[in-house]
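In what follows, a single structure is set out as structure tokens and then discussed.
Okay, structure coming up:
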């Protein structure tokens, strides 16, 4: 049985079609990257996979069960889904809505009905594991970009979800924080967990994914192993993931080569 | 020349951010009040504020004020901070309001202003004293709470005063985003300032302030929609739970008893 | 406008806090019902917004600057109930964290600004903007006047609260314990500042931002635009706790006087019956200073009030203080009553109950979907879609 399966999924807003009869299936235990330029619909897709938005037509199934608004209206389905699936938002100001780091990490477990002592232990443990115990009483507003991202990951991973959805996990981070975040993810995803990452950062692709889906204009335009995708210059250029820079050399020749923007 | 209006607003916003930072640093410093359980501080300092509010004798309020100053000294909250954050501002504001009362309150005339013949009455001086002392005392105690306690602990401790958990959560989330919006507004005004040469005309200044408010409002409501999704993603279904790691030590109980005894003594002395 | 600690007696503060509680209760219940789980983030974010704009330095015509509270804006965008909660939240944070406004006066400040202010602003806006198109200039004017009226009603309430302090609370020597100014001083002093500077600050921000939203995000103005509908049975039932609260306020206030009234009575008796004390007062106030006039006013008020009770009422009812207090209370009561009448006239009540808190679901962004589930859903879509493509703010 597939972990996620969409059939003819369409989602639009403001007369803009974000997803256009999208079909995809993601297997249990796989590490998948959704690659696409800004506006390719990958954030929207992640929110739909997390049961936060719902398509206007088509179906989405999670382990064979349809994900509709009616299903999420039942507490039983919603809680069981939220226990298994975690989503880390791109914008840390959206992800970190609690007044302190401690409350942030405790939010998920408390909502899922863990006992208070269990929450206390687990939060302490997670803060230590992510190396953010010293930030416990800090307000998220005054954390550095890298610290914010670590808190965001901790706040979702504290409940140990089997499925992790990540929206641009390394966006707006300095190179060192980027590699720290990737290390954390690689370490965490060592088991049989499923990780779906939306990104336009091609540099990390091989570290975070075994399989790559290229999204363009609300459709999956290619699907292959990361190495293969990275070799396909023509595809990457067409999907706006890389673009050619032209410049003059001293000798006078006009030279052009593809150019990747690691993070924006 | 009058200070540029953008600069004044920027200064105001900056002061708000600076206060939050000062409070955070001071709450992390070691001192008497910092060691106490937040609930003890909320209950204790509030009872002192109440005692000062109930007092009908000046010396009783003055005694509570002296106690507040002593607590500040023991908690490493410097007089410079108290003076700049509380005393001077309250003195200027309430002082201006209390001044006419010195002449307007009927009572025994102690002195008459030359030429104007306005009487300074004993009752007038007393009433001005009441107002000023009470304002300074309450403001000092309130600042002590915030400067010796992490803000979220203050909010969670409000539960001992029976504040509903939903409101505590709203207060917490609002304070978290106040800092973000303050900074956003700060950036908007700064960038506006960098693009402005010379003073703006009145209407243009109004336009800047109003447009900034409008942008900020749209952004706040957008953010609220996004935050709502992020909350749902982690299992939020409308019920709010709070976790605190408060634990009362023997010292906390002792301090609570001391606070309540002092407040009770103030009320008793006032009979 | 924010009343600090020390200006109002604890009894006054407690009474106003007691008066605010039922409004908060009704507001929480209604907003929760209309918004479900959306309540926490929406009220929190709007509170944060209203806190921040209170810090804006608003240039006014004539070269002065002022600060707005944003009550008018809150009522226009959120409706009165959610606005009450959001502005109250901002007031509480200001008092606790920034020391702006007193801690004991939280109830009073919330009652004056968040509660009375939001109700007045909403009533004025609905009255003046009734039937106007979302983009019409009339809505801008209505929002401006709503803000202007709201802040002035708040100021008037605060002035009344100030003004009754010296009547009720004095020490043995006759020195006022809290705010020293009687109604005849407090009301003109407060209103002068608010009818001019603060009122125009509020007017500017409400009108200006509504005008801004008409161009940039008109869907935010939909929810309070309203269409006529009858006052339903359920609405009346939902309002019951509110009436109970107002009743409690009306009962509690005289109780507060009973507790303190004797002290005041003594003071009155001593100062006005004892010839020596009277001589003192006369001697000290013989000049053009205002105090002499206050007792005259007192007497006049006292006559007006005591007339219907002249023969059989207990003595404290005949006292001028009681008259002042009741008139203050009736003032607040009348405002609320006026709001409800206006709401009923314009059929706003249904809107208050269900749609008051968020941009109307079926706005321009998506075709309407019927039913409560659809409301929630399409709201989500509208909000998220608006931000899905927006750039992350620089941090």
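Residue numbers (my numbering), protein chains in the order written: chain A, 1 to 264; chain B, 265 to 535; chain C, 536 to 930.
Glycine included, every Cβ here is placed at the ideal spot set by N, Cα and C.
Counting only beta-carbon atoms, is residue i nearer than 8 Å to chain B?
{"i": "residue 611 of chain C", "result": "no"}
{"i": "residue 729 of chain C", "result": "no"}
{"i": "residue 275 of chain A", "result": "Since the first residue of chain A shown is 1 and the last is 264, residue 275 of chain A is not available in this structure."}
{"i": "residue 516 of chain C", "result": "Residue 516 of chain C falls outside the range modelled here, since chain C spans only 536 to 930, and no answer is possible."}
{"i": "residue 226 of chain A", "result": "no"}
{"i": "residue 36 of chain A", "result": "no"}
{"i": "residue 50 of chain A", "result": "yes"}
{"i": "residue 691 of chain C", "result": "no"}
{"i": "residue 588 of chain C", "result": "yes"}
{"i": "residue 198 of chain A", "result": "no"}
{"i": "residue 145 of chain A", "result": "no"}
{"i": "residue 633 of chain C", "result": "yes"}
{"i": "residue 552 of chain C", "result": "no"}
{"i": "residue 547 of chain C", "result": "no"}
{"i": "residue 93 of chain A", "result": "yes"}
{"i": "residue 906 of chain C", "result": "Below a pLDDT of 50, predicted positions are generally treated as unreliable, and residue 906 of chain C, at 36, falls in that range; the measurement from the model is reported next regardless. Not closer than 8 Å to any Cβ of chain B, the Cβ of residue 906 of chain C fails to qualify, so no."}
{"i": "residue 41 of chain A", "result": "no"}
{"i": "residue 583 of chain C", "result": "yes"}
What are the boundary residues of the beta strand (DSSP E) that includes residue i?
{"i": "residue 20 of chain A", "result": "16-27"}
{"i": "residue 623 of chain C", "result": "First-last for residue 623 of chain C: 615-632, but that is the alpha helix (DSSP H), not the beta strand (DSSP E)."}
{"i": "residue 57 of chain A", "result": "57-62"}
{"i": "residue 86 of chain A", "result": "85-88"}
{"i": "residue 11 of chain A", "result": "2-13"}
Report buried or exposed for residue i, applying the criterion of at least 16 other Cβ atoms within 10 angstroms of its Cβ.
{"i": "residue 653 of chain C", "result": "buried"}
{"i": "residue 468 of chain B", "result": "exposed"}
{"i": "residue 352 of chain B", "result": "exposed"}
{"i": "residue 605 of chain C", "result": "buried"}
{"i": "residue 500 of chain B", "result": "buried"}
{"i": "residue 360 of chain B", "result": "exposed"}
{"i": "residue 16 of chain A", "result": "exposed"}
{"i": "residue 1 of chain A", "result": "exposed"}
{"i": "residue 854 of chain C", "result": "Bear in mind that a pLDDT of 48 at residue 854 of chain C, under 50, signals an unreliable position, so the model cannot answer this."}
{"i": "residue 616 of chain C", "result": "buried"}
{"i": "residue 400 of chain B", "result": "buried"}
Give a yes or no on whether 8 Å exceeds the smallest Cβ distance from residue i to chain C.
{"i": "residue 412 of chain B", "result": "no"}
{"i": "residue 513 of chain B", "result": "no"}
{"i": "residue 480 of chain B", "result": "yes"}
{"i": "residue 299 of chain B", "result": "no"}
Can you name the residues of chain B whose CB is closer than 7 Å to the CB of residue i?
{"i": "residue 78 of chain A", "result": "501"}
{"i": "residue 116 of chain A", "result": "507"}
{"i": "residue 555 of chain C", "result": "By Cβ distance, chain B contributes nothing, its closest Cβ being about 13 Å from residue 555 of chain C, past 7 Å."}
{"i": "residue 579 of chain C", "result": "434, 437, 438, 441"}
What residues from chain A crowd round residue i, counting only those whose CB sits closer than 9 Å?
{"i": "residue 509 of chain B", "result": "102, 120"}
{"i": "residue 416 of chain B", "result": "98, 99, 100, 102, 103, 137, 139"}
If the cut is a Cβ gap below 9 Å, which residues of chain C does residue i touch?
{"i": "residue 259 of chain B", "result": "Residue numbering for chain B in the displayed model covers 265 to 535; residue 259 of chain B lies beyond these limits and cannot be assessed."}
{"i": "residue 285 of chain B", "result": "Those within 9 Å of residue 285 of chain B in chain C number zero; the least Cβ separation is about 12 Å."}
Which bits of chain C does residue i rub up against, with CB to CB less than 7 Å?
{"i": "residue 308 of chain B", "result": "Here the premise fails: no neighbours, minimum Cβ distance about 13 Å."}
{"i": "residue 294 of chain B", "result": "What residue 294 of chain B touches in chain C: nothing, since even the nearest Cβ is about 22 Å away."}
Output the boundary residues of the alpha helix (DSSP H) element that contains residue i.
{"i": "residue 361 of chain B", "result": "352-368"}
{"i": "residue 538 of chain C", "result": "Careful: residue 538 of chain C lies outside any alpha helix (DSSP H) and carries neither H nor E."}
{"i": "residue 212 of chain A", "result": "Counting along the chain, residue 212 of chain A falls outside any alpha helix (DSSP H), though it belongs to the beta strand (DSSP E) covering 211-216."}
{"i": "residue 747 of chain C", "result": "734-751"}
{"i": "residue 267 of chain A", "result": "Because chain A is modelled from 1 through 264, residue 267 of chain A falls outside the range shown and cannot be assessed."}
{"i": "residue 545 of chain C", "result": "545-570"}
If the cut is a Cβ gap below 7 Å, which residues of chain A does residue i touch?
{"i": "residue 496 of chain B", "result": "52"}
Using 8 Å as the limit for Cβ to Cβ distance, is residue i near chain A?
{"i": "residue 491 of chain B", "result": "yes"}
{"i": "residue 487 of chain B", "result": "yes"}
{"i": "residue 409 of chain B", "result": "no"}
For a contact defined as C-beta to C-beta under 8 Å, what are the partners of residue i on chain C?
{"i": "residue 290 of chain B", "result": "Ordered by position in chain C, no residue passes the 8 Å Cβ test against residue 290 of chain B, which lies about 13 Å from the chain."}
{"i": "residue 277 of chain B", "result": "587, 590"}
Check whether the Cβ of residue i lies closer than 8 Å to any Cβ atom in chain E.
{"i": "residue 359 of chain B", "result": "The displayed structure is made up of protein chains A, B and C, and chain E is not among them."}
Could you list which residues in chain B have their beta carbon closer than 9 Å to that of residue i, in chain order?
{"i": "residue 758 of chain C", "result": "Ordered by position in chain B, no residue passes the 9 Å Cβ test against residue 758 of chain C, which lies about 11 Å from the chain."}
Please confirm whether any heavy atom of the ligand ADP lies closer than 7 Å to the CB of residue i.
{"i": "residue 714 of chain C", "result": "The ligand ADP is not part of the structure shown, which contains no ligands of any sort."}
Taking any Cβ of chain C, which residues in the region 324-355 of chain B have a Cβ under 8 Å from it, in chain order?
349, 350, 354
| request: Select from the region 436-464 of chain B all residues with a C-beta closer than 7 Å to any C-beta belonging to chain A, and list them in chain order. | output: Answer set for the region 436-464 of chain B: 436, 437, 439, 440, 443, 444.
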